[in-house]
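So in full-length UniProt numbering, the last one in the sequence shown is 223, and the numbering has no gaps at all. We treat Cβ as the ideally placed atom computed from N, Cα and C, and that holds for glycine. Please read the structure below before turning to the comments.
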Amino acid sequence: MEKQRSIVRELSVVIFGIILVGILINLSVPYLNSAKFKDFIEDRGTLGPVFIVSFTAFSQIFAPFPGSPASIISIAVYGYTTTIIFVYLGGLLSSAISFYISRRFGRRLVIKFVGQNTMNEIDDFARAEGTEVLIISRLIGFPLFDYISYAAGLTSIPFKNYYTISAICSVIPTIILAIIFKGLDFSSRTGFTIWFLSLNIVGIIFGLMIRRYINKRNKLKNK
(Lines of atoms letter the chains of each structure in order from A and count residues from 1; the text may use other names and numbers.)
(Lines give C-alpha, C1' and ligand atoms only; values in the text may rest on other atoms or scores of the structure.)
Protein backbone atom coordinates (compact mmCIF):
# COMPACT_ATOMS: atom_id res chain seq x y z
CA MET A 1 0.00 0.00 0.00
CA GLU A 2 2.81 2.39 0.92
CA LYS A 3 4.57 1.64 -2.37
CA GLN A 4 1.36 2.42 -4.30
CA ARG A 5 1.05 5.73 -2.46
CA SER A 6 4.67 6.49 -3.31
CA ILE A 7 4.01 5.81 -7.00
CA VAL A 8 0.90 8.05 -6.93
CA ARG A 9 2.90 10.85 -5.32
CA GLU A 10 5.68 10.42 -7.85
CA LEU A 11 3.22 10.49 -10.76
CA SER A 12 1.63 13.65 -9.35
CA VAL A 13 5.02 15.35 -9.23
CA VAL A 14 5.84 14.15 -12.76
CA ILE A 15 2.53 15.40 -14.17
CA PHE A 16 2.97 18.76 -12.44
CA GLY A 17 6.49 18.97 -13.86
CA ILE A 18 5.25 18.12 -17.36
CA ILE A 19 2.62 20.87 -17.21
CA LEU A 20 5.13 23.41 -15.88
CA VAL A 21 7.79 22.60 -18.48
CA GLY A 22 5.12 22.53 -21.19
CA ILE A 23 4.15 26.09 -20.29
CA LEU A 24 7.79 27.18 -20.29
CA ILE A 25 8.30 25.58 -23.71
CA ASN A 26 5.40 27.55 -25.17
CA LEU A 27 6.82 30.76 -23.74
CA SER A 28 10.41 30.14 -24.84
CA VAL A 29 10.03 28.61 -28.33
CA PRO A 30 10.02 31.97 -30.19
CA TYR A 31 13.27 33.01 -28.49
CA LEU A 32 14.95 29.60 -28.92
CA ASN A 33 14.17 29.66 -32.64
CA SER A 34 15.40 33.22 -33.11
CA ALA A 35 18.45 33.81 -35.29
CA LYS A 36 20.12 35.72 -32.45
CA PHE A 37 19.93 32.78 -30.04
CA LYS A 38 21.05 30.24 -32.64
CA ASP A 39 24.00 32.40 -33.63
CA PHE A 40 24.99 32.76 -29.97
CA ILE A 41 25.06 28.98 -29.43
CA GLU A 42 26.72 28.19 -32.76
CA ASP A 43 29.43 30.77 -32.03
CA ARG A 44 30.41 28.64 -29.03
CA GLY A 45 31.68 26.02 -31.50
CA THR A 46 32.22 22.53 -30.05
CA LEU A 47 31.31 23.77 -26.57
CA GLY A 48 27.63 23.67 -27.58
CA PRO A 49 27.45 19.92 -28.28
CA VAL A 50 29.76 19.20 -25.33
CA PHE A 51 27.37 21.11 -23.06
CA ILE A 52 24.32 19.21 -24.36
CA VAL A 53 25.96 15.80 -23.91
CA SER A 54 27.37 16.73 -20.49
CA PHE A 55 24.09 18.22 -19.24
CA THR A 56 22.22 15.10 -20.35
CA ALA A 57 24.68 12.89 -18.47
CA PHE A 58 24.55 15.17 -15.42
CA SER A 59 20.74 15.04 -15.28
CA GLN A 60 20.82 11.23 -15.29
CA ILE A 61 23.58 10.92 -12.71
CA PHE A 62 21.86 13.31 -10.31
CA ALA A 63 18.35 11.95 -10.85
CA PRO A 64 15.71 13.23 -10.96
CA PHE A 65 17.38 16.45 -12.16
CA PRO A 66 15.52 17.40 -15.39
CA GLY A 67 17.42 17.04 -18.65
CA SER A 68 14.67 18.48 -20.85
CA PRO A 69 16.06 22.05 -21.03
CA ALA A 70 19.24 20.89 -22.78
CA SER A 71 17.26 18.78 -25.26
CA ILE A 72 14.91 21.66 -26.04
CA ILE A 73 17.79 24.06 -26.67
CA SER A 74 19.59 21.45 -28.77
CA ILE A 75 16.54 20.76 -30.95
CA ALA A 76 16.09 24.48 -31.61
CA VAL A 77 19.75 24.96 -32.59
CA TYR A 78 21.00 21.65 -34.01
CA GLY A 79 17.79 19.93 -35.10
CA TYR A 80 15.96 16.88 -33.80
CA THR A 81 18.06 14.09 -35.35
CA THR A 82 21.34 15.56 -34.11
CA THR A 83 19.83 16.06 -30.66
CA ILE A 84 18.85 12.40 -30.50
CA ILE A 85 22.51 11.51 -31.09
CA PHE A 86 23.63 13.93 -28.37
CA VAL A 87 21.14 12.43 -25.91
CA TYR A 88 22.29 8.91 -26.78
CA LEU A 89 25.93 9.86 -26.19
CA GLY A 90 24.97 11.54 -22.91
CA GLY A 91 23.23 8.33 -21.89
CA LEU A 92 26.32 6.26 -22.66
CA LEU A 93 28.44 8.63 -20.58
CA SER A 94 26.06 8.66 -17.62
CA SER A 95 25.53 4.89 -17.69
CA ALA A 96 29.28 4.33 -17.30
CA ILE A 97 29.69 6.93 -14.54
CA SER A 98 26.59 5.82 -12.60
CA PHE A 99 27.65 2.18 -12.80
CA TYR A 100 31.13 3.05 -11.53
CA ILE A 101 29.80 5.16 -8.64
CA SER A 102 27.42 2.41 -7.59
CA ARG A 103 29.96 -0.41 -7.97
CA ARG A 104 32.82 1.48 -6.31
CA PHE A 105 31.06 3.33 -3.48
CA GLY A 106 27.77 1.46 -3.00
CA ARG A 107 24.42 2.66 -1.73
CA ARG A 108 25.75 5.24 0.72
CA LEU A 109 26.99 7.57 -2.00
CA VAL A 110 24.25 6.78 -4.52
CA ILE A 111 21.52 7.75 -2.08
CA LYS A 112 23.15 11.17 -1.63
CA PHE A 113 22.89 11.73 -5.38
CA VAL A 114 19.36 10.48 -5.96
CA GLY A 115 17.46 10.59 -2.66
CA GLN A 116 15.67 7.89 -0.67
CA ASN A 117 12.64 7.42 -2.96
CA THR A 118 14.78 6.88 -6.05
CA MET A 119 17.08 4.62 -4.03
CA ASN A 120 14.11 2.38 -3.23
CA GLU A 121 13.45 2.02 -6.97
CA ILE A 122 17.12 1.25 -7.60
CA ASP A 123 17.05 -1.45 -4.92
CA ASP A 124 14.06 -3.08 -6.62
CA PHE A 125 15.94 -3.20 -9.92
CA ALA A 126 19.05 -4.56 -8.23
CA ARG A 127 17.09 -7.41 -6.61
CA ALA A 128 15.71 -8.40 -10.00
CA GLU A 129 19.21 -8.66 -11.47
CA GLY A 130 19.88 -10.63 -14.65
CA THR A 131 20.79 -10.20 -18.29
CA GLU A 132 17.15 -10.50 -19.35
CA VAL A 133 16.14 -7.76 -16.92
CA LEU A 134 18.86 -5.43 -18.21
CA ILE A 135 17.94 -6.03 -21.87
CA ILE A 136 14.22 -5.42 -21.32
CA SER A 137 14.93 -2.43 -19.11
CA ARG A 138 17.13 -0.80 -21.73
CA LEU A 139 14.61 -1.48 -24.50
CA ILE A 140 11.50 -0.05 -22.85
CA GLY A 141 12.77 1.41 -19.60
CA PHE A 142 14.28 4.62 -20.97
CA PRO A 143 12.23 6.74 -18.51
CA LEU A 144 14.17 4.94 -15.73
CA PHE A 145 17.53 4.96 -17.51
CA ASP A 146 19.36 6.38 -14.50
CA TYR A 147 17.82 3.90 -12.02
CA ILE A 148 18.94 0.97 -14.15
CA SER A 149 22.53 2.22 -14.38
CA TYR A 150 22.89 2.55 -10.63
CA ALA A 151 21.10 -0.74 -9.99
CA ALA A 152 23.43 -2.65 -12.33
CA GLY A 153 26.42 -1.41 -10.34
CA LEU A 154 24.96 -3.01 -7.21
CA THR A 155 24.80 -6.43 -8.89
CA SER A 156 27.53 -8.85 -9.96
CA ILE A 157 27.22 -8.22 -13.71
CA PRO A 158 30.61 -7.49 -15.35
CA PHE A 159 30.95 -3.92 -16.63
CA LYS A 160 31.76 -5.12 -20.16
CA ASN A 161 28.52 -7.10 -20.41
CA TYR A 162 26.50 -4.30 -18.86
CA TYR A 163 27.91 -1.61 -21.12
CA THR A 164 27.60 -3.67 -24.30
CA ILE A 165 23.93 -4.38 -23.58
CA SER A 166 23.29 -0.74 -22.66
CA ALA A 167 24.96 0.61 -25.79
CA ILE A 168 23.22 -1.79 -28.19
CA CYS A 169 19.73 -1.95 -26.66
CA SER A 170 19.52 1.81 -26.13
CA VAL A 171 20.00 2.34 -29.87
CA ILE A 172 16.65 0.74 -30.69
CA PRO A 173 14.32 3.16 -28.82
CA THR A 174 16.60 6.01 -29.94
CA ILE A 175 16.08 5.12 -33.62
CA ILE A 176 12.33 4.61 -33.14
CA LEU A 177 11.94 8.03 -31.50
CA ALA A 178 14.02 9.64 -34.26
CA ILE A 179 11.73 8.16 -36.92
CA ILE A 180 8.48 9.01 -35.13
CA PHE A 181 9.24 12.67 -34.48
CA LYS A 182 11.45 13.48 -37.45
CA GLY A 183 8.64 15.13 -39.42
CA LEU A 184 7.53 17.50 -36.66
CA ASP A 185 7.96 21.23 -37.11
CA PHE A 186 10.08 22.18 -34.11
CA SER A 187 10.10 25.81 -35.13
CA SER A 188 6.53 26.08 -33.84
CA ARG A 189 5.01 25.84 -30.37
CA THR A 190 2.72 23.08 -31.61
CA GLY A 191 5.59 20.90 -32.78
CA PHE A 192 7.48 21.25 -29.53
CA THR A 193 4.35 20.64 -27.46
CA ILE A 194 3.39 17.48 -29.38
CA TRP A 195 6.93 16.13 -28.99
CA PHE A 196 7.17 16.94 -25.29
CA LEU A 197 3.74 15.63 -24.28
CA SER A 198 4.01 12.48 -26.43
CA LEU A 199 7.44 11.64 -25.05
CA ASN A 200 6.31 12.07 -21.47
CA ILE A 201 3.08 10.12 -21.90
CA VAL A 202 5.01 7.23 -23.45
CA GLY A 203 7.58 7.59 -20.68
CA ILE A 204 4.94 7.27 -17.97
CA ILE A 205 3.38 4.21 -19.64
CA PHE A 206 6.73 2.47 -20.19
CA GLY A 207 7.84 3.42 -16.68
CA LEU A 208 4.77 1.73 -15.19
CA MET A 209 5.27 -1.31 -17.43
CA ILE A 210 8.90 -1.82 -16.42
CA ARG A 211 8.08 -1.32 -12.73
CA ARG A 212 5.34 -3.94 -12.98
CA TYR A 213 7.76 -6.33 -14.70
CA ILE A 214 10.41 -5.78 -12.00
CA ASN A 215 7.92 -6.24 -9.15
CA LYS A 216 6.59 -9.44 -10.71
CA ARG A 217 10.11 -10.82 -11.16
CA ASN A 218 11.04 -10.00 -7.56
CA LYS A 219 7.91 -11.74 -6.26
CA LEU A 220 8.78 -14.87 -8.24
CA LYS A 221 12.33 -14.83 -6.86
CA ASN A 222 11.01 -14.56 -3.30
CA LYS A 223 8.83 -17.66 -3.60
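The beta-carbon distance between Phe55 and Ala76, rounded to whole angstroms, is 14 Å. This is too long to meet the 8 Å contact definition.
Here the region 100-116 makes no contact with the region 189-197; the two share fewer than three CB pairs at distances below 8 Å. The UniProt domain "VTT" (65-180) contains, as complete alpha helix (DSSP H) runs of 4+ residues, the segments 68-78, 80-105, 107-114, 116-127, 131-140, 145-153 and 159-169 (chain order). Apart from sequence neighbours up to five positions away, no residue of its chain approaches Lys221 with a beta-carbon distance below 6 Å. For Gly183, there is no enclosing alpha helix (DSSP H), as DSSP marks it with neither H nor E. In the DSSP annotation of this structure, the continuous segment of the alpha helix (DSSP H) that includes Thr56 starts and ends at Leu47 to Ile61. Taking a C-beta distance under 8 Å as the contact criterion, Asn218 and Ala128 qualify as a contact pair.
In the three-state scheme derived from DSSP, where H, G and I count as helix and E and B as strand, Ser198 is classed as helix. Thr46 and Val171 have their C-alpha atoms spaced approximately 24 Å apart. For the pair Ala178 and Ile73, the CB atoms are not nearer than the 8 Å cut-off. DSSP places Arg217 in the helix class (H, G or I) of the three-state scheme. In the pairwise beta carbon analysis, the region 175-189 is classified as not touching the region 115-127: fewer than three pairs are separated by under 8 Å. Taking a contact to require three or more Cβ pairs closer than 8 Å, the region 106-123 and the region 132-141 do not qualify as touching.
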